Amino acid sequence: MSRIQGLYKNAVAAVSPIMHTWINFDVTGEENLPESGGFLVTPNHISNTDPVCVAFVLGELGIPTRFMAKNELFKVPVLGAVMKKLGMVPVLRNSSHSVDSLAGARKALDAGQCVGIYIEGTLTRDPQYWPMRGKTGAARLALDTRCPVIPIAQWGPQAILERYSKALDIRPGRKVRMIIMEPVDLSDLYSDQGSQDREAVVEATERIQKAITRGVEELRGEKAPEQPWDPDKMQGPAKKTLGRFGHWRRGVQGR
Numbered sequence: 009m010s011r012i013q014g015l016y017k018n019a020v021a022a023v024s025p026i027m028h029t030w031i032n033f034d035v036t037g038e039e040n041l042p043e044s045g046g047f048l049v050t051p052n053h054i055s056n057t058d059p060v061c062v063a064f065v066l067g068e069l070g071i072p073t074r075f076m077a078k079n080e081l082f083k084v085p086v087l088g089a090v091m092k093k094l095g096m097v098p099v100l101r102n103s104s105h106s107v108d109s110l111a112g113a114r115k116a117l118d119a120g121q122c123v124g125i126y127i128e129g130t131l132t133r134d135p136q137y138w139p140m141r142g143k144t145g146a147a148r149l150a151l152d153t154r155c156p157v158i159p160i161a162q163w164g165p166q167a168i169l170e171r172y173s174k175a176l177d178i179r180p181g182r183k184v185r186m187i188i189m190e191p192v193d194l195s196d197l198y199s200d201q202g203s204q205d206r207e208a209v210v211e212a213t214e215r216i217q218k219a220i221t222r223g224v225e226e227l228r229g230e231k232a233p234e235q236p237w238d239p240d241k242m243q244g245p246a247k248k249t250l251g252r253f254g255h256w257r258r259g260v261q262g263r
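This is how it looks when you write it as structure tokens:
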């Protein structure tokens with residue numbers, strides 16, 4: 009399965025002793041990763057540390073993950089250069105054509121690479137950290153390329169770095185659990201229209217979101233709200249309030 013090489017391989021090897029001292033990873037479902045060809049991974053997004061966790065876990069399995077990131081980050085000195093070297097994929101969010109915003113991801117998938125995309129588009133705003141309503145990028149890519157979509161459910165990164173916080177918990181032995189899930193079956197939605205079929209895009213997005221949520225439910229041992237948080241329709245706490253809520257929740261769980 010190993011595809012990793014070059015700078016990405018060296019980076020994973022360099023940080024491995026640090027990561028395994030810092031974080032105790034409990035990962036299942038590695039057998040669900042495709043042996044070859046391009047594919048999407050769609051994790052839930054609960055902390056700014058979780059892309060590092062996902063990239064590291066897949067890197068140790070021999071798979072470099074080309075995460076999609078806003079184009080502005082590629083213009084930051086040093087950071088932008090590193091992201092380019094690691095093959096991260098810029099998202100042209102201000103493009104006049106939505107298809108253009110996914111051009112880099114589509115090219116990476118066509119080249120047989122693993123592309124990481126958060127279907128929520130940002131950190132979840134759900135007060136209880138459940139996955140939010142999904143955006144359509146992953147579904148559109150999947151319908152156009154017919155690549156496998158592998159949901160990844162994770163729980164634990166939010167205790168290492170709370171949402172909207174800058175207080176990183178660097179104590180050793182932090183626990184992160186992760187489920188690499190079976191591919192989402194979208195075969196009945198494939199057509200010559202691809203992502204131009206709006207109904208298929210909506211249905212595919214819902215299936216991906218529900219699959220991620222099922223994985224998070226398994227990790228947490230509880231049921232998610234019946235209606236996922238919709239930031240366009242639901243009025244919720246501000247970022248500062250969400251940060252305080254996360255701190256309170258972790259304190260209660262630790263009692």
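Take the sequence shown: its letters are residues 9 to 263, numbered as in this note's numbering.
For each residue, glycine too, the CB sits at the ideal point set by N, CA and C.
Every value quoted in this text rests on a predicted model; they were computed, and no experiment measured them.
Integer-rounded CB distance, given that residue j should sit under 8 Å from residue i
i, j, result
"residue 240", "residue 165", "In fact, because the Cβ distance is near 25 Å, the residues do not count as touching under 8 Å."
"residue 50", "residue 157", "6 Å"
"residue 55", "residue 227", "Rounded, the Cβ-Cβ distance is 14 Å, inconsistent with contact."
"residue 149", "residue 53", "About 17 Å; that fails the 8 Å criterion."
"residue 205", "residue 199", "6 Å"
"residue 117", "residue 153", "5 Å"
Residues of its chain near residue i, where Cβ-Cβ distance is below 8 Å and the 5 sequence neighbours each way are ignored
i, result
"residue 143", "127, 128, 129 and 213"
Nearest neighbour of residue i, chosen from the options [CA to CA]
i, options, result
"residue 125", "78, 199 and 180", "78"
"residue 42", "69, 163 and 201", "69"
"residue 44", "174, 71, 61 and 221", "71"
"residue 39", "201, 191 and 53", "191"
"residue 155", "231, 115, 222 and 19", "115"
"residue 119", "145, 131, 136 and 73", "73"
"residue 233", "195, 111 and 136", "136"
"residue 180", "174, 15 and 167", "167"
"residue 151", "15, 201, 221 and 229", "201"
"residue 221", "211, 176, 138 and 178", "138"
"residue 290", "121, 178, 177 and 203", "Outside the shown range of the chain (9 to 263) lies residue 290, about which nothing can therefore be said."
"residue 24", "61, 211 and 111", "61"
Cβ-based neighbour list, residue i, same chain, cut-off 6 Å, excluding 5 preceding and 5 following
i, result
"residue 257", "Residue confidence is low: residue 257 scores 49 on pLDDT, short of 50, so the model does not pin down where it sits. Its coordinate-derived value is still stated next. If we look at residue 257 and ignore the five residues flanking it on each side, it has no Cβ neighbours."
"residue 75", "59, 96 and 124"
"residue 185", "34, 163, 164 and 227"
"residue 183", "32 and 164"
"residue 196", "none"
"residue 215", "192"
"residue 121", "46 and 74"
"residue 207", "none"
CB contact flag (residue i, residue j, <8 Å)
i, j, result
"residue 237", "residue 133", "yes"
"residue 12", "residue 46", "no"
"residue 159", "residue 219", "yes"
"residue 189", "residue 161", "yes"
"residue 29", "residue 187", "no"
Per DSSP, cross-strand counterpart(s) of residue i
i, result
"residue 183", "32"
"residue 13", "DSSP, once it has assigned bridges, lists no residue as partnering residue 13."
"residue 217", "None, per the DSSP bridge assignment."
"residue 76", "97"
"residue 59", "Paired residue(s): none; residue 59 is not in a bridge."
"residue 50", "159"
"residue 224", "Note: residue 224 sits in no beta bridge, so no partner."
Contact set for residue i: own chain, Cβ-Cβ below 7 Å, skip 5 residues either direction
i, result
"residue 27", "64"
"residue 231", "225"
"residue 223", "159, 161, 187 and 189"
"residue 99", "76, 77, 78, 79 and 109"
"residue 147", "209, 212, 213 and 216"
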